[in-house]
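Only one structure is covered here, and it is reproduced in the block below.
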Amino acid sequence: MMTKRHVTRRCGGLIVASGLTVILGMTVPVLAATAATPGFAQPDLVVSAAWLKTHLSSPDLIVVDARSAEAYAQGHIPRAISLPLTQLLTDPTETAATTVARLTAVVSASGIGTHKRVILYDKGGDTAAPRLFWTLELLGRSQVAVLDGGLQGWQSVAGGMTTVPTRIGASPFQTKVELGRLQTMAGCIVALGDPHSVVVDTRSAAEHAGSDVRAARGGHMPGAVNIDWQTNFDGPRLGDPERLRTLYLRKGVTPDRTVISHCQSGSRAAVTYWVLRLLGYPNVKNYAGSWAEWGNDPTTPVVTGT
């Protein structure tokens, strides 16, 4: 059941309700997982291809292919259902209640609203699975992990492939919107003056500097730290946990601060969101509006250069 009090914020392509209260009455069984690389503080948010190969037949597991429907049709992991990320993107013309209702309907229709663990994958070293991970966490879906290495990782352990689609029955999903996982433009403006917060620009160095312009204005938020999202990976797989931990600490991105990640539209930022969650950072938010919103608003502060 969902109770709506009032709609207060718009974040680029994501509209949220400040007073939105929904109930999630789910008890999800925990299927023990082994992290792809030991050393993460939250290893349950990632699984290795070897682990998935061993547990693929488990009835308590749902594997989700976050790639396009076309890519899925060309070959996918056996038993995986297709849930393209594009189905869970948001429409800026919708109200908060409409957005939540539509996304809830998609999750319910997909069958992943059940009390089962969900493993997401993409091609590997990509943004689709982490973005879907963030979206599901925003909706309050617990017990979600990403396959390290994606489809490339799966194939590296001689995992089988199929072109036969898998479909599972719809299952009711009661959403609990977790607004703490989302940042808005207004929230970013406040955070820029807060020493207890840090903004991580996950775009390329050229976008950050303003030489690669993808909005009305190029550049970055004053004080934003630039850590390209691709540095989170070594090829298709996650980087070593200690390397990643050191990378962020040296940039001043420490666990005692609220961390806000952004990119152009929220997908690259979702990779950093996922990695920081893996590293045990307690307060991480994705600014989903990102530079598409910030760079096109003439009132926001923008600086150029490094």
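Heads up, the sequence shown is in our numbering, so the first residue is 68 and it goes up one at a time.
We treat Cβ as the ideally placed atom computed from N, Cα and C, and that holds for glycine.
- Its Cα nearest to that of residue 335, the residue 195 stands out among 248, 195, 345, 324.
- Secondary structure within the stretch 130-218: the beta strand (DSSP E) runs of 3 or more consecutive residues, fully enclosed, are 184-188, 211-214 (chain order).
- Annotation for residue 133: 152, 187, 189, 195, 196, 199 place their beta carbon closer than 6 Å to its own, counting only its chain and skipping 5 residues before and after.
- Short of 6 Å from the beta carbon of residue 250, and not among the five residues preceding or following it, lie these beta carbons of its own chain, in chain order: 327, 352, 354.
- Contact annotation: residue 320 and residue 267 have beta-carbon atoms nearer than 7 Å.
- Pairwise C-beta distances place the stretch 329-345 out of contact with the stretch 235-246, as fewer than three of them are shorter than 8 Å.
- Ranking 348, 306, 298, 281 by CA distance to the CA of residue 361 puts 281 first.
- Boundaries of the beta strand (DSSP E) harbouring residue 267: 264-268, taken from the DSSP string.
- If you ignore the 5 residues before and after residue 145, its C-beta comes within less than 6 Å of the C-beta of 227, 229, all in its own chain and listed in chain order.
- Considering only 337, 359, 114, 357, the residue with the shortest C-alpha distance to residue 221 is 114.
- Shown here, residue 327 sits in a strand according to DSSP, grouped into three states.
- Counting along the chain, the unbroken alpha helix (DSSP H) around residue 338 starts and ends at 334-345.
- In this structure, the straight-line span from the alpha carbon of residue 357 to that of residue 255 is close to 10 Å.
- Every unbroken stretch of the alpha helix (DSSP H) spanning 4 or more residues and falling wholly within the stretch 227-302 is given here in chain order: 252-259, 272-276.
- A distance below 7 Å separates the beta carbons of residue 276 and residue 373.
- Judged by DSSP secondary structure, residue 352 falls outside any alpha helix (DSSP H) and instead within the beta strand (DSSP E) spanning 351-354.
- Linking residue 211 to residue 283 through their CA atoms gives a straight-line distance of about 36 Å.
- For residue 315, the enclosing alpha helix (DSSP H) starts and ends at 308-317.
- The beta-bridge partner set that DSSP reports for residue 113 consists of 213.
- DSSP places residue 359 in the uninterrupted alpha helix (DSSP H) bounded by 357-361.
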